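In numbering that gives the first Met the number 0, the protein residues as written are 0 to 294. Built from N, CA and C at the ideal position, the CB exists for glycine as well. Just so we're clear, the structure is a prediction, and the values are computed from it rather than from any experiment.
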Amino acid sequence: MNEDHQDQARQTGPPSCYRHPGAPTAIRCTRCERPICPECMISASVGFQCPECVRSGSGTGHAPTANQPRTVAGGVLAKGDPQLFTKLLIGINIALFVVKLVVGVRFTSDFVLVGQWPGHVPGALGVAEGQWYRLLTSMFLHDGFAHIGFNMLSLWWIGGPLEAALGRARYLALYFVSGLAGSALTYLLAAPDQSSLGASGAIFGLFGATAVLMRRMKYDMRPVIGLLVVNLIFTFAWSGIAWQAHVGGLVAGVLLGIGMVHAPAERRSLVQWGSCALVLAVSVVLVLIRTAQLT
């Protein structure tokens with residue numbers, strides 16, 4: 000056999016193991032498809048894998064995060080404090096309340112939710128004039144000690160366990176989208192010059208999602224239903240409470256809770272984040288409708 004025929008034979012023969020060049024093999028790693036010899040091949044759920052793929056992944060052909068423990072909503076269990084973001088939200092609310100006490104009503108007026116200030120307030124603008132940030136900033140402002148105390152206690156009781164159950168990313172999405180939905184409904188239905196502030200819309204969203212989660216886990220629903228009923232009684236019995244924020248946040252929380260807890264595993268991310276996007280889009284539409292009415 001001449002040299003050309005020898006080179007052709009070598010090219011058409013079985014490939015060599017990528018770790019042992021002198022060992023021909025017909026087996027390839029099911030993940031990276033590199034040739035591996037019997038000494039290097041490691042059994043997986045399907046076929047064999049090379050040592051590098053096993054070290055970098057789960058050893059079963061899945062991504063490295065496949066075997067990480069997850070919440071009931073599919074979120075990766077957070078390392079460290081499972082209630083970290085709840086504590087951060089409480090801290091932000093308290094910090095801004097302290098700023099309000101120091102600076103005074105001027106600070107609240109700049110960030111409270113209001114559609115249009117009365118005509119006798121020169122230079123004051125509202126959401127209708129383009130200050131859409133008020134829909135968000137008003138969620139972190141409170142009127143007095145009783146107001147912030149009740150809201151922060153509710154956030155601690157409901158938010159902490161829910162954060163641990165959903166995972167941090169989904170929990171934050173639930174909190175902010177529910178709060179914005181409550182702000183949007185308040186802006187739509189309240190009088191243009193009626194100011195509104197507080198974390199109640201977001202907290203009622205947590206109530207709604209907690210009810211959905213407890214039903215999904217087949218827990219006793221009576222405690223959360225009783226607490227929700229008491230809060231709704233206060234909402235409509237006391238004057239000066241923006242019931243629109245409570246109702247808007249509650250409805251959004253229920254819808255988001257259904258999307259997050261009951262999403263099918265094969266389309267979990269699509270359904271969960273799609274639910275958030277849908278509720279947020281509806282809130283934006285409500286804001287646009289109200290702005291058109293006022294301008």
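6 angstroms CB neighbourhood of residue i in its chain, flanking five on each side removed
{"i": "Gly158", "result": "Thr85 and Leu205"}
{"i": "Trp156", "result": "none"}
{"i": "Arg184", "result": "A quick correction: the sequence has Leu, not Arg, at residue 184. Around Leu184: Gln243 and Gly247."}
{"i": "Gln130", "result": "Leu124"}
Where residue i sits in the DSSP three-state scheme
{"i": "Ser268", "result": "helix"}
{"i": "Lys217", "result": "coil"}
{"i": "Thr294", "result": "coil"}
{"i": "Leu154", "result": "helix"}
{"i": "His245", "result": "helix"}
{"i": "Leu88", "result": "helix"}
{"i": "Ala189", "result": "coil"}
{"i": "His141", "result": "coil"}
{"i": "Lys78", "result": "coil"}
{"i": "Gly58", "result": "Below a pLDDT of 50, predicted positions are generally treated as unreliable, and Gly58, at 48, falls in that range; no measurement from the model is reported."}
{"i": "Leu124", "result": "coil"}
{"i": "Pro295", "result": "No statement about residue 295 is possible, as the shown extent of the chain runs from 0 to 294 and does not include it."}
{"i": "Ala208", "result": "helix"}
{"i": "Ile240", "result": "coil"}
Residue i - partner residues in DSSP beta bridges
{"i": "Arg27", "result": "Pro34"}
{"i": "Ser195", "result": "Leu112"}
{"i": "Phe47", "result": "Ser42"}
{"i": "Ser15", "result": "Pro23"}
Separation of residue j from residue i, as counted between CA atoms
{"i": "Phe139", "j": "Ser195", "result": "11 angstroms"}
{"i": "Asn150", "j": "Val126", "result": "24 angstroms"}
{"i": "Ile299", "j": "Asp80", "result": "Lying before the first or after the last residue shown, residue 299 is absent from the chain, which here runs from 0 to 294."}
{"i": "Leu134", "j": "Ile202", "result": "15 angstroms"}
{"i": "Met216", "j": "Leu255", "result": "16 angstroms"}
{"i": "Ala43", "j": "Leu279", "result": "43 angstroms"}
{"i": "Leu212", "j": "Pro160", "result": "11 angstroms"}
{"i": "Trp242", "j": "Gly46", "result": "60 angstroms"}
{"i": "Gly148", "j": "Cys31", "result": "56 angstroms"}
{"i": "Ile257", "j": "Met40", "result": "44 angstroms"}
{"i": "Thr24", "j": "Arg267", "result": "40 angstroms"}
{"i": "Leu154", "j": "Cys52", "result": "44 angstroms"}
{"i": "Val229", "j": "Ala198", "result": "17 angstroms"}
{"i": "Gly239", "j": "Ser182", "result": "15 angstroms"}
{"i": "Cys16", "j": "Gln271", "result": "44 angstroms"}
{"i": "Pro63", "j": "Thr29", "result": "Caution is warranted here: a pLDDT of 48 is assigned to Pro63, below 50, making its placement in the model unreliable, and the coordinate value is therefore given only provisionally. Between Pro63 and Thr29, the C-alpha separation is close to 15 angstroms."}
{"i": "Ala164", "j": "Met259", "result": "11 angstroms"}
{"i": "Leu285", "j": "Val250", "result": "14 angstroms"}
{"i": "Tyr186", "j": "Leu112", "result": "8 angstroms"}
Contact set for residue i: own chain, Cβ-Cβ below 7 angstroms, skip 5 residues either direction
{"i": "Asp3", "result": "With a pLDDT of 47 at Asp3, under the threshold of 50, the predicted position of this residue should be treated as unreliable, though the coordinate-derived value follows. Closer than 7 angstroms at Cβ, skipping near neighbours: no residue."}
{"i": "Leu87", "result": "none"}
{"i": "Asn1", "result": "Bear in mind that the predicted position of Asn1 carries a pLDDT of just 47, short of 50, making it too unreliable to give a figure here."}
{"i": "Thr209", "result": "Ile157, Leu161 and Val223"}
{"i": "Val101", "result": "none"}
{"i": "Ile91", "result": "Phe139"}
Neighbourhood of residue i by C-beta distance below 8 angstroms, restricted to the same chain and skipping five residues each side
{"i": "Ala189", "result": "Gly114, Ser195, Ala241 and Gln243"}
{"i": "Pro50", "result": "Arg18, Cys39 and Ile41"}
{"i": "Thr290", "result": "Val126 and Ala127"}
{"i": "Trp295", "result": "Any answer about residue 295 is impossible in this case: the structure gives the chain only from 0 up to 294."}
{"i": "Val253", "result": "Gly207, Ala208, Ala210 and Val211"}
Quiz item: Taking three-plus beta-carbon pairs below 8 angstroms as touching, is the stretch 171 to 184 in contact with the stretch 219 to 233?
Solution: The way I'd put it, the stretch 171 to 184 doesn't touch the stretch 219 to 233; fewer than three beta-carbon pairs between them come closer than 8 angstroms.
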